[in-house]
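In the numbering used here, the protein residues as written are 14 to 237.
For reference, the structure discussed in these notes is given below.
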């Protein structure tokens, strides 16, 4: 069933402000945001896992039951249609993490996730192909100080479908930047997650009100 922003915010004038577009069948790319080994599970020994077991259970269940299968389905659909898939990875470039902003460094201190370590890699279930671009970033947004916009322009991309983790951080940050840069931007809401359902829905609403569309993986596949 399609995701309906009006059901969550019935008083908002979506008819006036929500962007309206159809995905191009030839110029749409799939952006897979930070689907790395580290981010696909909240572990028991992590701060969140120790202090917020309910969040751990919610997040891990959603990722396993919803996000992973729908994302794999969407990746396969894009490949079947010969459409571009681009991946991002987030983390330190070095073992010290001093190159990251203080805000992000505080979330990874001492650094446990940097380029070249096993948990930095994109999870095998999503398996980028040799022809798939992988963008490494030091920031939440995929476009900040990266080659992403440059590459998408060279690929002649006008529309982007965004999936990945986390819904209210790197996914929403990338989606908003994409909209500001002129891309028609759609978030596949059942291909993303964050710590709570409320935070997920709020991020989706922020996007749907002004910046782009929110739909399901099946909606995207049917449209393409």
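All C-beta atoms in this analysis are idealised placements derived from N, C-alpha and C, irrespective of residue type, glycine included.
Compute the Euclidean distance between the alpha carbons of residue i and residue j, then round it to the nearest angstrom.
{"i": "residue 52", "j": "residue 119", "result": "16 Å"}
{"i": "residue 134", "j": "residue 102", "result": "7 Å"}
{"i": "residue 114", "j": "residue 196", "result": "27 Å"}
{"i": "residue 57", "j": "residue 63", "result": "6 Å"}
{"i": "residue 230", "j": "residue 110", "result": "35 Å"}
{"i": "residue 128", "j": "residue 147", "result": "12 Å"}
{"i": "residue 215", "j": "residue 95", "result": "33 Å"}
{"i": "residue 211", "j": "residue 192", "result": "23 Å"}
{"i": "residue 169", "j": "residue 42", "result": "10 Å"}
{"i": "residue 173", "j": "residue 50", "result": "24 Å"}
{"i": "residue 66", "j": "residue 97", "result": "38 Å"}
Indicate the three-state DSSP secondary structure (helix, strand or coil) for residue i in the structure shown.
{"i": "residue 97", "result": "coil"}
{"i": "residue 149", "result": "strand"}
{"i": "residue 49", "result": "strand"}
{"i": "residue 178", "result": "strand"}
{"i": "residue 55", "result": "coil"}
{"i": "residue 206", "result": "strand"}
Per DSSP, what are the beta-bridge partners of residue i in this structure?
{"i": "residue 102", "result": "149"}
{"i": "residue 173", "result": "42 and 198"}
{"i": "residue 227", "result": "200"}
{"i": "residue 16", "result": "Its beta-bridge partners do not exist; DSSP assigns none."}
{"i": "residue 135", "result": "49"}
Sorted by chain position, which residues of the same chain lie with C-beta nearer than 8 Å to residue i's C-beta, five sequence neighbours on each side aside?
{"i": "residue 139", "result": "45, 48, 84, 85, 88 and 100"}
{"i": "residue 112", "result": "105, 106 and 151"}
{"i": "residue 117", "result": "151, 152 and 153"}
Give me, in chain order, the residues of the same chain whose beta-carbon lies closer than 6 Å to that of residue i; leave out the 5 immediate sequence neighbours on both sides.
{"i": "residue 236", "result": "36"}
{"i": "residue 178", "result": "47 and 52"}
{"i": "residue 232", "result": "15"}
Go through its chain and collect everything with a Cβ distance to residue i's Cβ below 7 Å, but skip five positions before and after it.
{"i": "residue 171", "result": "37, 40, 196 and 197"}
{"i": "residue 238", "result": "One cannot answer for residue 238 here, as it falls past the ends of the chain, which runs 14 to 237."}
{"i": "residue 22", "result": "218"}
Say yes only if the C-beta of residue i is nearer than 7 Å to one or more non-hydrogen atoms of the ligand COA, and no if none qualify.
{"i": "residue 138", "result": "Ligands are entirely absent from the displayed structure, and the ligand COA is therefore not among its contents."}
(request) Would you be able to state if there are at least three C-beta pairs under 8 Å between the stretch 197-217 and the stretch 73-82? (result) Using a C-beta cut-off of 8 Å, the stretch 73-82 makes contact with the stretch 197-217, since at least three inter-stretch Cβ pairs fall below that distance.
(message) Between the stretch 180-190 and the stretch 217-229, can you find at least three pairs of beta-carbon atoms closer than 8 Å?
(response) Yes, since at least three Cβ pairs between the stretch 217-229 and the stretch 180-190 fall closer than 8 Å, the two stretches touch.
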